[in-house]
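Please read the structure below before turning to the comments.
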Amino acid sequence: MTTDIETLKVQLRKAAGAGQFNRAAARLLLETAPTMATAAFLTGAARRSGDPSLLARRLVILRNWTIEPLLPVLEALAAVHGMALRIEVGGYGDQGHDIFDNTGLIASAAPDAVLLADYAQAAVPALWTEADALSGTEATALADAAIDRLQGMLTGLRQRTGAPVLIQSLAPAGDNRLSGDGRDTFIRQINQGWQQALAEHPACYMFDSQAVAGAVTQSGWYDARRWAEARMPYATAALFPLAAAFYRALHPLLTAPVKLVVLDLDGTLWHGTLGEDGADGIRMDSEHPGAPFRDLQRLLKYLASRGLLLAVCSKNNASDAMPVLERHADMLLRPADLTACRIDWEPKPDNLARIVRELNIGFDAVLFLDDSPLERALMRQALPDVIVPELAADPYVRLRQIRDLPCLNRLPATLEDRARANNYQAESQRRSASQGLDMDSFLSTLDLRLSITSLSAQNVARAAQLCGKTNQFNLTTLRQSEADLVDYATAPGRTVWLVRAEDRFGDYGWIGLAQMHAGPAGLCIDNLLISCRALGRGVETALLADLAWKGREAGYHRLELHYIPSGRNMPAGRFLVEAGLQAPNTHDGVGAWLLDLTGALPVWPTWITRIGPPPSLLSTGAP
Amino acid sequence: MMSFDGLLQLVGDVLMVDAESLSLDSSPETVPTWDSINHLTLVMAVEEQAGVQFTPEELSRTASMRALWSALSAKGATC
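Residue numbers (the working numbering), protein chains in the order written: chain A, 1 to 623; chain B, 624 to 702.
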């Protein structure tokens with residue numbers, strides 16, 4: 001049975017126009033064409049529908065890589081599973097601020113679930129930049145630091161939210177498939193430490209990044225060029241499988257798992273047709289062709305032990321089928337494992353509806369597994385809320401499809417964990433007054449070090465690149481070339497500062513720039529920017545503090561920061577407000593923001609160490 | 624490979640705007656949701672759909688409908 005993509009899209013558009021999200025059609029479409037394009041289409045259809053039956057859920061993602069391209073897939077999969085998932089993504093590398101600060105996402109977004117998306121090359125850059133120079137002790141210290149960092153984040157999260165947390169384990173070095181230079185050993189060491197750390201924090205779970213490496217093998221999952229360009233480490237081909245794996249892991253954090261699985265017998269629970277092949281001809285033993293059927297039975301039996309209800313709906317003679325269920329030596333599932341058995345020649349939707357009514361559960365908590373495309377289509381048509389996945393004809397492929405169904409995924413621990421998490425949160429809030437971890441002490445553990453120097457031949461290329469690429473924390477968004485910067489810096493009375501950052505995890509290189517000249521009334525900052533890689537850790541405050549103190553030292557009475565709103569540089573604008581600068585009298589804030597240097601000045605953050613003094617400023621001619 | 628209509632549809636879906644409001648002249652200047660992050664998502668979705676790969680240089684050069692379509696045409700897409 002072929003499914004026409006365009007027909008499904010028409011159905012979905014029509015339903016969306018009528019205020020409904022057609023989940024059955026959406027599922028079929030995603031299964032037929034599992035691509036980002038389909039996901040984007042479905043996300044649009046779900047949002048436009050405004051379907052009130054979709055459960056509102058909020059996911060907060062704290063990350064240090066560019067996870068955005070995965071979001072349409074997560075949102076589409078959630079919609080297919082009955083949720084209107086709103087996803088809030090924290091700033092790049094901004095986890096400390098998002099967890100600990102009252103203006104951070106955890107405090108402001110009230111998440112139902114949290115995803116900590118970490119990528120090794122961003123979390124521990126030294127493993128890349130200094131891989132050959134690291135001694136064993138240094139590498140171990142790095143691994144310990146990465147474990148401390150996660151401990152800190154989890155402690156902070158548990159003090160502030162009861163929402164379950166999924167932690168992305170660090171992926172192995174993607175450019176390391178054959179050489180094996182030891183980085184993967186350290187990454188494994190960190191992941192093991194993280195796994196142990198999780199055990200101390202309730203409702204925290206791990207997502208295995210290795211999974212996607214297995215899903216995409218042909219060309220590899222890593223794209224070094226895209227990492228360098230956009231901090232997106234995954235190749236296009238890896239994106240959908242990765243997002244689907246993420247969604248599968250997130251699903252039980254966001255909503256209740258299915259309660260009931262309704263199963264067909266012939267061709268689903270065993271190989272062959274009982275009515276034709278007889279009890280001796282059907283196969284569900286450990287050899288081909290019985291093996292995938294036996295494995296499916298084993299999977300279902302395990303899920304039943306975790307609380308899933310099983311029922312059979314089969315077109316067969318009960319007098320033939322019941323003895324097989326009761327006595328066939330190769331059957332793993334027995335009548336005692338089944339909540340209900342409907343073995344007759346009635347339409348399956350009728351039988352399923354009866355079972356569901358007896359159990360008093362919703363149709364959307366029911367999964368229907370049948371190898372017959374016709375029965376699946378009939379079920380979708382009659383009972384659109386029942387989850388009816390498309391299944392491959394090949395029973396080995398089908399087994400994997402069923403195993404990967406998000407609605408069957410269960411948390412490693414019980415739901416009581418969630419209640420425990422809430423208690424723990426309350427408990428730790430009580431304690432946090434005296435000994436809790438706050439943002440300052442978390443940031444202190446990162447051991448951030450800054451050096452501020454003048455523009456030079458060594459850094460001018462990077463400075464131009466910063467001007468070209470920085471959008472968010474960029475006061476003017478003036479795109480300046482190397483020549484522009486050199487011209488500026490060599491003009492009389494003008495200076496360009498560059499900021500370099502490193503922490504326990506490695507060297508971040510040049511990440512900030514400030515251009516200034518001596519004005520008639522004060523020190524004029526013509527341009528100031530900080531790469532988003534370094535935001536949220538007080539670098540901006542440190543830079544402003546140095547400008548202010550050095551400015552005062554040189555005899556200036558005020559600092560003038562020139563601001564041009566671009567539509568994308570709101571973070572820079574917000575900083576000016578938060579730092580207490582006086583806004584110009586313009587409607588959109590364009591113009592010079594003032595800081596009085598005769599009053600209280602911004603303070604260099606306690607958690608940042610300074611390497612060397614900042615360059616001196618030309619003193620003002622008129623003190 | 625991908626048709627121009629297919630590209631319009633995909634850009635509309637990713638940027639959350641009506642495909643009919645898009646044309647060869649659409650760009651980040653005319654579509655407010657077309658920022659650098661959505662551009663990355665868009666390029667990856669186009670790569671997946673059309674079975675092509677863009678270099679970092681192409682990634683930054685393709686931030687308009689005309690540029691995206693001409694880059695795609697150069698890789699063999701047809702109307």
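The C-beta atom is built at its ideal place from N, Cα and C for all residues, glycine as well.
Taking its Cβ as the centre, do 16 or more other Cβ atoms sit within 10 Å of residue i, making it buried, or is it exposed?
i       : result
E346(A) : exposed
D440(A) : exposed
T606(A) : exposed
T664(B) : buried
Y302(A) : exposed
S286(A) : exposed
M36(A)  : buried
P172(A) : buried
L631(B) : buried
S314(A) : buried
M499(A) : Residue 499(A) is actually Val in this sequence, not Met. Buried, because 16 or more other Cβ atoms sit within 10 Å of the Cβ of V499(A).
V680(B) : First, the residue type needs correcting, since residue 680(B) is Glu and not Val in the sequence shown. Answer is exposed; the Cβ neighbour count stays below 16.
Q196(A) : exposed
E138(A) : exposed
A235(A) : buried
S492(A) : At residue 492(A) the sequence reads Pro, which differs from the Ser that was named. Classification of P492(A): exposed, given that the 10 Å Cβ count is below 16.
E326(A) : exposed
Residue i by DSSP, collapsed to three states: which one?
i       : result
F505(A) : coil
R494(A) : strand
Q515(A) : strand
E560(A) : strand
G182(A) : coil
A392(A) : coil
T445(A) : helix
G591(A) : strand
F100(A) : helix
Q582(A) : strand
T453(A) : strand
W221(A) : coil
L142(A) : helix
H662(B) : helix
R403(A) : helix
Let me check one thing: in DSSP terms, what residues is residue i bridge-paired to?
i       : result
H288(A) : According to DSSP, which records beta bridges pairwise, H288(A) is partnered with nothing at all.
V114(A) : V60(A) and V165(A)
N474(A) : L529(A)
V611(A) : As written in the sequence, residue 611(A) is Ile, which differs from the Val given in the question. According to DSSP, I611(A) bridges with nothing at all.
I624(A) : Summary: the structure shown does not reach residue 624(A), with chain A confined to residues 1 through 623, and so no result is reported for it.
D266(A) : W270(A)
So residue i packs on residue j, CB below 8 Å; how close in whole Å?
i       : j       : result
W549(A) : L475(A) : About 19 Å; that fails the 8 Å criterion.
L55(A)  : A46(A)  : The Cβ separation is near 12 Å, so there is no contact.
L466(A) : L523(A) : Not confirmed; about 21 Å, so no contact.
M625(B) : A668(B) : Not confirmed; about 11 Å, so no contact.
M153(A) : I99(A)  : 6 Å
A561(A) : A592(A) : As written in the sequence, residue 561(A) is Leu, which differs from the Ala given in the question. Correct: roughly 7 Å between the Cβ atoms.
L597(A) : H557(A) : 6 Å
W510(A) : P614(A) : W510(A) to P614(A), Cβ: 15 Å. No contact.
L308(A) : V366(A) : In fact, because the Cβ distance is near 11 Å, the residues do not count as touching under 8 Å.
Q472(A) : N569(A) : 6 Å
L405(A) : I608(A) : That pair is no contact at about 48 Å.
Note down, in chain order, each residue of its chain lying with its Cβ closer than 6 Å to the Cβ of residue i, except the 5 sequence neighbours on either side.
i       : result
A40(A)  : P72
L617(A) : K550 and A554
M284(A) : W270, G290, F293, R294 and D330
E31(A)  : E390
W604(A) : A542 and A545
V89(A)  : I61
P164(A) : A113, A203 and L253
Counting only the same chain and skipping the five closest in sequence on each side, list residues whose C-beta sits under 8 Å from that of residue i.
i       : result
L85(A)  : R57, R58, L59, L74, E75, A78, A79 and L254
D295(A) : L399
P651(B) : W657, D658, H662, A686 and S687
R684(B) : A690 and A694
T66(A)  : Y92, A230, R231 and M232
G322(A) : Residue identity check: residue 322(A) is Met in the sequence provided, not Gly. Cβ within range, chain order: P335, C341 and I343.
Below 7 Å CB to CB, which residues in the same chain sit around residue i once its five sequence neighbours on both sides are set aside?
i       : result
F363(A) : V356, L383, D385 and V386
H201(A) : L154 and R158
A110(A) : R58
N351(A) : C313 and R342
G268(A) : In the sequence as presented, Gly is not what sits at residue 268(A); that position holds Thr. Counting only Cβ-Cβ distances below 7 Å, and skipping sequence neighbours, we find L369, D370 and D371.
G635(B) : D641, A642 and L645
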